[in-house]
Amino acid sequence: MTREKLLLLDFDGTLCLGDAPVLFYADRVDALLAERGHAGSSTGSSVHEVITRAFAENSLLVPEITYDDAGAPLTVGSEATHDDAKAHPVSWPLQDGYQLVQLLARQAGLSDVDSGRAFRAARQDLLAHGLQNTDVHAPAGAQELLAEARRRAVVVLVTNSPADAFAPWLQALGLSDAFDLVINDARKPLGMPAALERARAAGGAAAENGAAAAHLIPPEQVLSVGDIWANDLEHVHYLGGRTVLIDRFGTGLGAPDHRVQDFAALPEVLDAWTHSPATV
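Take 1 as the starting number for the sequence shown in the UniProt record's numbering and just add one per residue.
Pasting the structure below:
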């Protein structure tokens, strides 16, 4: 069967669920703050404690966030201080736990360089701890859903996660063979245009049964699924593709074609999309 469509999927918060990755990140930030004699938050709570409460209440609007006189969170509008931060900006409203950790780190006095190092160290900590010993997991039915999607669409994973030691993550989730292509270090949102072009080219080759790509899969035949509008969906939407926003915290951001609370709502959307006629 010729596959004329392209399905893009985000990793963290979309296919990789569980609070441990964010909490390990918070632990690394707390360790840096302790080394420098800073409190973790305006209330004296550690970043880990703040994140734990936020997840328990399913809300990122924690009282530890500090604001200016106009009601804007301090440091959200500040210029990114290094390339990693420019690729992963803190948005408002916050859309995931990683952004909350980074915001609290900034407000406590850490630089974006510090936060970037803490994030990378936390990923190594998780592997050393053993992903099987954490709550890291794929959504129920993800493996079967992607296998079915690949019958009619080229399936590509696009993630900001580093390529180094990424294979154990896919293995832990049971998704090692779930994709036609994995694009690591995507640097979304700034890197999303380049990642999309690469995915469309790979999709064109796959659609022609492995022959050299004579074309890119048209943007109109792309469906992107993710949990952060600017990172995962905005560029695809701009080019005329379809989008699904997994809006766990109900931010209301963006203009996705489908806004869902979790992955469980995805099968119906994917089934309708994969079975709809491809148009050029």
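Don't be surprised by glycine CBs; every beta carbon is placed ideally from N, CA and C. In this text, all values refer to a predicted model and were calculated from it rather than measured experimentally.
Check: According to DSSP, is D262 helix, strand or coil?; Outcome: coil
Check: Is it buried or exposed for Q95, if we count other Cβ within 10 angstroms and need 16 for buried?; Outcome: buried
Check: Do H38 and A108 have their C-beta atoms closer together than 8 Å?; Outcome: yes
Check: Relative to the C-alpha of R150, which candidate in L270, D27, F11 and L17 has its C-alpha closest?; Outcome: L270
Check: From the DSSP output, read off the bridge partner residues of T243.; Outcome: S224
Check: Please say whether L131 and W169 have beta carbons closer to each other than 8 Å?; Outcome: yes
Check: Can you check whether the CB of L173 is closer than 8 Å to the CB of L9?; Outcome: no
Check: Check for me: the alpha helix (DSSP H) holding V155 runs from which residue to which?; Outcome: Segment A153 to V158 is the beta strand (DSSP E) holding V155; no alpha helix (DSSP H) there.
Check: Using the three-state DSSP reduction, which class does P73 fall into: helix, strand or coil?; Outcome: strand
Check: Identify whether V29 lies in helix, strand or coil by the three-state DSSP scheme.; Outcome: helix
Check: Between the Cα of T274 and those of N231, Q221 and H235, spot the shortest distance and give me the residue it belongs to.; Outcome: Q221
Check: Name, in chain order, the residues that DSSP records as bridge partners for D12.; Outcome: C16
Check: Does DSSP classify L6 as helix, strand or coil?; Outcome: strand
Check: Quick check: the Cα distance between R152 and V76, rounded to an integer number of angstroms?; Outcome: 41 Å
Check: Below 8 Å on the Cβ atoms is my contact criterion, and I expect A121 with D114 to pass it. Report the Cβ-Cβ distance as a whole number of Å.; Outcome: The Cβ separation is near 11 Å, so there is no contact.
Check: Between the Cα of S59 and those of H215, L100, V225 and A31, spot the shortest distance and give me the residue it belongs to.; Outcome: L100
Check: Contact between the region 217 to 235 and the region 176 to 189: three or more CB pairs below 8 Å?; Outcome: yes
Check: With C-beta atoms as the reference, is P162 less than 8 Å away from N184?; Outcome: yes
Check: Find the nearest neighbour of H137 within the set T43, G44, Q261 and A20, judged by alpha-carbon distance.; Outcome: A20
Check: For D135, which residues from the same chain have a beta carbon less than 7 Å from its beta carbon, with the 5 sequence-adjacent residues on both sides left out?; Outcome: G18, D19 and A20
Check: For a minimum of 4 consecutive residues, which ranges assigned as the alpha helix (DSSP H) are wholly contained in the region 120 to 169?; Outcome: 142 to 149
Check: Mind checking whether V62 and V47 have CB atoms under 8 Å apart?; Outcome: no
Check: Using a Cβ-Cβ cut-off of 6 Å (strictly less than) and excluding sequence neighbours within five positions of Q102, which residues of its own chain qualify?; Outcome: V90 and S115
Check: Check the Cβ-Cβ distances between F179 and every residue of chain C, and say whether any is below 8 Å.; Outcome: The structure shown contains no chain C; it holds only a single protein chain.
Check: Using C-beta distances below 6 Å, list every residue in its chain close to I65, excluding the 5 sequence neighbours before and after it, in chain order.; Outcome: P73
Check: Skipping 5 residues on each side, what residues in its chain have a beta carbon closer than 7 Å to that of V22?; Outcome: I51, G97, Y98 and V101
Check: Looking at the secondary structure, which residues open and close the alpha helix (DSSP H) in which residue 307 lies?; Outcome: The chain is shown only over 1 to 280; residue 307 falls outside these bounds and no answer can be derived.
Check: Do G40 and L32 have their beta-carbon atoms positioned less than 8 Å apart in this structure?; Outcome: no
Check: Specify, as a first and last residue, the run of the alpha helix (DSSP H) that L233 falls within.; Outcome: Premise fails: L233 is in no alpha helix (DSSP H) and is neither H nor E.
Check: Run through DSSP, which three-state label would L216 get?; Outcome: coil
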